[in-house]
Amino acid sequence: MIFTIEKKLEGGLGRAGILKISRGVIHTPAFIPVATKASVKALTLEEVQSLGAEVVLANTYHLYLQPGDELVREAGGLHQFMNWPGPIITDSGGFQVFSLGAAYGKDVSKITKISDPSLLIPERFDDSDAPRLAKIGADGVSFKSHIDGSVHYITPEKSIQIQHNLGADIIFAFDECTSPSEDLRYQEEALERTHAWAKRSLEEHKKLNKENKVMLFGIVQGGREELLRKKSADFIKSLDFDGFGIGGSFTKEDMSSAVKWVNEILPEEKPRHLLGIGEPEDIFMGVENGVDLFDCVAPTRNARNGTLYTKEGKINIKNTEFREDFSPIEKNCGCYVCSPSPDTFAQSLGSSLRSATPLQKHAGSARYTRAYLCHLFRGREMLAATLASIHNLYFIVNLVKKIRQSILDDKFFDFKKEFLYTYFHLDGQEKIK
RNA sequence: GCGUCGGUGGCGGAGUGGUCAAUCGCAAUUGACUGUAAAUCAAUCGCCCUUCGGGCUACGUAGGUUCGAAUCCUACCCGACGCA
1 MIFTIEKKLE GGLGRAGILK ISRGVIHTPA FIPVATKASV KALTLEEVQS
51 LGAEVVLANT YHLYLQPGDE LVREAGGLHQ FMNWPGPIIT DSGGFQVFSL
101 GAAYGKDVSK ITKISDPSLL IPERFDDSDA PRLAKIGADG VSFKSHIDGS
151 VHYITPEKSI QIQHNLGADI IFAFDECTSP SEDLRYQEEA LERTHAWAKR
201 SLEEHKKLNK ENKVMLFGIV QGGREELLRK KSADFIKSLD FDGFGIGGSF
251 TKEDMSSAVK WVNEILPEEK PRHLLGIGEP EDIFMGVENG VDLFDCVAPT
301 RNARNGTLYT KEGKINIKNT EFREDFSPIE KNCGCYVCSP SPDTFAQSLG
351 SSLRSATPLQ KHAGSARYTR AYLCHLFRGR EMLAATLASI HNLYFIVNLV
401 KKIRQSILDD KFFDFKKEFL YTYFHLDGQE KIK
């Protein structure tokens, strides 16, 4: 792996770089579509590739349960199994410690809405009776499969073994993503655990990585506490990782400070991945604070649920106002959905008919209109998910590409301001941090 | 013409004397979604008043019985089926 920094943001942590690995090149900052179960939901990988993605991220826990990492290895590894020849990253299953554990059945997620974290449960309340599918033990985490209820014990060693079987190019250490509702004492305790697991992940990785083809990233945790975040960054950087992940469940406000604290400490020459983050404003924040890689389910999940990204903010395409809106999702969007079909398409269809009528083109001339998408969603047509996912992924992947270019052109802050003003419909009074 | 069964909110369909503005599903309206338990979930869904709450009009139509009717009775209208 070679990571080259092409240009740095003046007076800040941000940078544009190139991450070269044997299977391909990743231009950073980059957005990584999520393919949890070896599939970017609703899309073929040709579609993912042609919308501009250079790398995808799959999940250890989910693939271990189904179809099983051994089977994937037999298939020739993830690349061959899922037909993606480019770089693949696997997450360690550490996020499932959170999503199937402390967050299970609760109103906490990767990002918490409560703007004042002190409003969150101040002390660790006793919810030991609350049902959860993940329970943390001394040595690892026991998971109750959400698929069939069977119990599985995942240790750092096990996670690394699974990831090597899956055969990704970049893998992650097994960590514990904590809930922001945990108190300081618990955060400290969990951080100790994550650090111990980081060492064990690294040791196991060294045993298995004989051909030295796989990169292992360590994960920094520490919740919202400055002291813990810095302590974690110091510790993780002291280990021989190839790069770093920044994990955790945040409130919006906490995220930027945490990222900054951490990246001021992490070595400049190694890549940093902000795990699970992907709304446009968060990506700007991350890039500015030195993040190189982002992955997020938001573009694809939102897409499947009818929320589409546009320069002027997100829209819910199912809403009444779009029923008869025959314009593209976004004017001048270069994605497959919003751009016009080439004439050759109509011609090739028409060639078998004697008098094929060329399609009447609407103003804007998109392949598919808002009204059509609206109809597909209301009619529960599968194509809705596909078209919406193509558009959303294109939007985010290309937003990050534009951000990258703006760094190279010394125009990052102008671009950020311009984008966010339009995106949030600001009138110029509000300040963008 | 006779007989039988049935007519409930946008639709389907519960309810068969009080706890019914009426279960539920669909449709509709809006919102949420950030290392994917997610093609998911939540809220609203007769009209009016300021929310709590209160008021009004409603279960084919018109009467009636009853303290009280979507629920019982009578007539009529409409539909399905059967017999002429």
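For the first sequence, full-length UniProt numbering assigns the number 433 to the last residue and increments by one with no breaks. Note that the Cβ used here is the ideal one computed from N, Cα and C, for glycine as well. Here the structure is a predicted model, which is why all the values come from computation and not from measurement.
Under the three-state DSSP convention, the category residue i falls into
i: T300; result: helix
i: N316; result: strand
i: M215; result: strand
i: K8; result: strand
i: K331; result: coil
i: G379; result: coil
i: D427; result: coil
i: L266; result: coil
i: L408; result: helix
i: R272; result: strand
i: F294; result: strand
i: T251; result: strand
i: T386; result: helix
i: V397; result: helix
i: I403; result: helix
i: F326; result: coil
i: S115; result: Low local confidence applies: a pLDDT of 49 at S115 is under 50, so the model's placement there is unreliable, with the coordinate-based value given in what follows. Note: S115 maps to coil in three-state DSSP.
i: E321; result: helix
i: V108; result: coil
i: I2; result: strand
i: V259; result: helix
Extent of the continuous beta strand (DSSP E) to which residue i belongs
i: V25; result: 24-28
i: G286; result: That residue, G286, is in no beta strand (DSSP E); its alpha helix (DSSP H) goes 280-288.
i: Y309; result: 307-310
i: F244; result: 243-246
Nearest-angstrom Cβ-Cβ length linking residue i and residue j, presumed shorter than 8 angstroms
i: A168; j: I277; result: A168 to I277, Cβ: 20 angstroms. No contact.
i: T90; j: P180; result: The pair is not a contact, with the Cβ atoms about 25 angstroms apart (cut-off 8 angstroms).
i: G93; j: T44; result: So it is not a contact: roughly 26 angstroms between Cβ atoms.
i: residue 435; j: R304; result: Past the edges of the chain, shown from 1 to 433, lies residue 435, and the structure says nothing about it.
i: K318; j: F377; result: 5 angstroms
i: V55; j: N165; result: In fact, because the Cβ distance is near 20 angstroms, the residues do not count as touching under 8 angstroms.
i: V397; j: A58; result: About 17 angstroms separates the two Cβ atoms, so there is no contact after all.
i: N392; j: P299; result: 4 angstroms
i: L408; j: A16; result: 5 angstroms
i: T194; j: E176; result: 5 angstroms
i: N289; j: N263; result: 6 angstroms
i: A38; j: L78; result: 6 angstroms
Best match in the options for proximity to residue i [C-alpha to C-alpha]
i: F395; options: S365, L239, K210, V337; result: V337
i: L399; options: P29, V72, Q66, P67; result: P29
i: L387; options: I403, R367, V397; result: R367
i: T36; options: I329, G86, H62; result: H62
i: L133; options: P156, A102, S365, K158; result: A102
i: R380; options: S327, F250, G306; result: G306
i: T251; options: Q161, E46, D107; result: D107
i: residue 437; options: G218, K210, E418, C177; result: Residue 437 lies beyond the range of the chain shown here (1 to 433); nothing can be said about it.
i: L420; options: Y153, Y309, L408; result: Y309
i: L202; options: L239, S22, Y186, R185; result: L239
i: H375; options: E324, V25, F95, F424; result: E324
i: F174; options: F241, G14, N302; result: F241
i: L65; options: H146, L227, G77, S50; result: H146
i: N332; options: G11, T300, T369, F322; result: T369
i: F98; options: I170, K135, P340; result: K135
i: S159; options: A198, K110, K401; result: A198
i: S200; options: A233, T155, D234, F244; result: In the sequence on display, residue 200 carries Arg and not Ser. It is T155.
i: E253; options: F244, G286, K231; result: G286
i: G140; options: Y153, G149, P131; result: Y153
i: I171; options: E226, G218, L266; result: G218
Range of the contiguous alpha helix (DSSP H) that encloses residue i
i: G94; result: 94-97
i: F412; result: 412-423
i: L239; result: Taken as a continuous stretch (DSSP letters only), L239 belongs to no alpha helix (DSSP H), as it is neither H nor E.
task: Scan the region 130-208 and note each continuous alpha helix (DSSP H) run of 4 residues or more that stays entirely inside, going in chain order.
output: Fully enclosed alpha helix (DSSP H) runs of 4 or longer: 156-166, 184-208.
- request: With a floor of 4 residues, list each alpha helix (DSSP H) that falls wholly inside the UniProt domain "tRNA-guanine(15) transglycosylase-like" (14-103), ordered by position along the chain.
  value: 45-50, 60-65, 69-74, 78-82, 94-97
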